[in-house]
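Q: Just add 268 to the spot in the sequence shown (first one is 1) and you have our numbering. My structure is below; once you've seen it, I'll send some questions.
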Amino acid sequence: MTGVSWRPGCPVPLQRLRVLRLSHWDFSGKVRRGALVVRADVAEEVAKIFSRLFRDRFPIRRITPVDAYEGDDYTSIEADNTSAFNCRAATGSSEWSHHAYGLAIDLNPLENPYVLDGSTSHPGSVTYLDRDRVRPGMVVEGDPVVRAFEAAGWYWGGDWTNPVDYQHFSKLPPP
Numbered sequence: 269m270t271g272v273s274w275r276p277g278c279p280v281p282l283q284r285l286r287v288l289r290l291s292h293w294d295f296s297g298k299v300r301r302g303a304l305v306v307r308a309d310v311a312e313e314v315a316k317i318f319s320r321l322f323r324d325r326f327p328i329r330r331i332t333p334v335d336a337y338e339g340d341d342y343t344s345i346e347a348d349n350t351s352a353f354n355c356r357a358a359t360g361s362s363e364w365s366h367h368a369y370g371l372a373i374d375l376n377p378l379e380n381p382y383v384l385d386g387s388t389s390h391p392g393s394v395t396y397l398d399r400d401r402v403r404p405g406m407v408v409e410g411d412p413v414v415r416a417f418e419a420a421g422w423y424w425g426g427d428w429t430n431p432v433d434y435q436h437f438s439k440l441p442p443p
């Protein structure tokens, strides 16, 4: 991670991060293993949330640390990669993202786009702007995914107004 998703000056030292090895269902119904990097003090609750998603057979395309995409958030999203820690600024800001603290997770980002002024910058997400037609991997208000995160005290970006960030779950309140 050093020099890719983490570097000196990041708000969380490396020793406060943990790699979780998680089982998940893919979109073809196969069990896969993935790795998610989060802050140590939320690792247990994140593992429980993902165990619940696994139990509910919620499909996840892949779970890979953003380092596999050279720390590039856009490239990770284009791969429909679920990820967490990345020492970067919040989208459209110079402030640290909640991801830089290891306290945010982006889940199936193509099926759950970041939407600003009604549009997304990812071509693969355009069809998912229609939130009324629920398809596998989508997160929608009140569903088991949202309930699992909210039960653990996490906030959902799907509750925001503009932007709306359907992929985003954070332990920190919205900015």
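The beta carbon of each residue, even a glycine, is placed where N, CA and C say it ideally should be.
Beta-carbon separation of Y434 and V407 under 7 angstroms?
A: As a working note, residue 434 is residue 166 in the sequence shown. As a working note, residue 407 is residue 139 in the sequence shown. Against a cut-off of 7 angstroms, the Cβ pair of V407 and Y434 comes out as a contact.
Q: To the nearest angstrom, how far is it from the Cα of G410 to the Cα of V306?
A: One-based indexing of the sequence shown puts residue 410 at position 142. One-based indexing of the sequence shown puts residue 306 at position 38. One C-alpha to the other measures close to 24 angstroms.
Q: Quick check on this structure: which residue in V314, S291 and R329 has the alpha carbon closest to the alpha carbon of P377?
A: Here residue 377 refers to the residue found at position 109 of the sequence shown. The candidate whose alpha carbon is nearest that of P377 is R329.
Q: For L384 versus P443, is the C-beta distance shorter than 7 angstroms?
A: Residue numbering aside, residue 384 sits at position 116 when the sequence shown is read from its first letter. Residue numbering aside, residue 443 sits at position 175 when the sequence shown is read from its first letter. No; because the gap between Cβ atoms is not below 7 angstroms, this pair is not in contact.
Q: How many angstroms separate the CA atom of K298 from the CA atom of S319?
A: The residue given as residue 298 occupies position 30 in the sequence shown. The residue given as residue 319 occupies position 51 in the sequence shown. Spanning the two alpha carbons is a distance of roughly 15 angstroms.
Q: Where DSSP assigns a beta bridge to D433, which residues make up the other side?
A: In the sequence shown, the residue the question calls residue 433 occupies position 165. Per DSSP, Y382.
Q: Just to confirm, is the Cβ distance from P281 to G405 under 7 angstroms?
A: One-based indexing of the sequence shown puts residue 281 at position 13. One-based indexing of the sequence shown puts residue 405 at position 137. No; because the gap between Cβ atoms is not below 7 angstroms, this pair is not in contact.
Q: On the three-state DSSP scale, how would you describe I317?
A: Locating residue 317 in the sequence shown gives position 49, counting from the first residue. Here I317 sits in helix by DSSP.
Q: Quick test of your reading: W439 and W422, contact by CB under 8 angstroms. State the CB separation rounded to the nearest angstrom.
A: What you label residue 439 is simply residue 171 of the sequence shown in a count that begins at 1. What you label residue 422 is simply residue 154 of the sequence shown in a count that begins at 1. For clarity, residue 439 is Lys in the given sequence; the question names Trp instead. That pair is a contact at about 6 angstroms.
Q: Verify whether the separation of the beta carbon atoms of L371 and I331 is less than 7 angstroms.
A: By 1-based counting over the sequence shown, the position of residue 371 is 103. By 1-based counting over the sequence shown, the position of residue 331 is 63. Contact: no.
Q: Ordered along the chain, which non-local residues of its own chain (more than five positions away) have a Cβ less than 7 angstroms from that of T359?
A: Position 91 of the sequence shown, counted from the start, is the residue given in the question as residue 359. Around T359: Y382.
Q: Look at the alpha carbon of E394 and the alpha carbon of Q283, and state the distance between them as a whole number of angstroms.
A: For this step, residue 394 is matched to residue 126 along the sequence shown. For this step, residue 283 is matched to residue 15 along the sequence shown. In the sequence as presented, Glu is not what sits at residue 394; that position holds Val. Their backbone Cα atoms lie some 38 angstroms apart in a straight line.
Q: Grab the span of the alpha helix (DSSP H) containing S344 for me, first residue to last.
A: Start at 1 with the first residue of the sequence shown, and residue 344 comes out as number 76. Residues D341 to E346.
Q: Suppose you measure from the CA of S389 to the CA of E312; what does that come to, to the nearest Å?
A: The residue you call residue 389 lines up with position 121 of the sequence shown. The residue you call residue 312 lines up with position 44 of the sequence shown. Their Cα atoms are separated by approximately 33 angstroms.
Q: Under a Cβ-count criterion, where at least 16 other Cβ atoms within 10 Å of its own Cβ denotes burial, should D398 be classed as buried or exposed?
A: Reading the sequence shown from its first residue, position 130 is the one you call residue 398. That one is exposed.
Q: If you check the beta carbons only, do D324 and P412 fall under 7 angstroms apart?
A: Translated into positions along the sequence shown, residue 324 becomes position 56. Translated into positions along the sequence shown, residue 412 becomes position 144. Taking 7 angstroms as the Cβ cut-off, D324 and P412 qualify as a contacting pair.
Q: The alpha helix (DSSP H) with V414 in it runs from where to where?
A: Indexing the sequence shown from 1 puts residue 414 at position 146. It spans P412 to A419 - the alpha helix (DSSP H) in which V414 sits, taken as one unbroken run.
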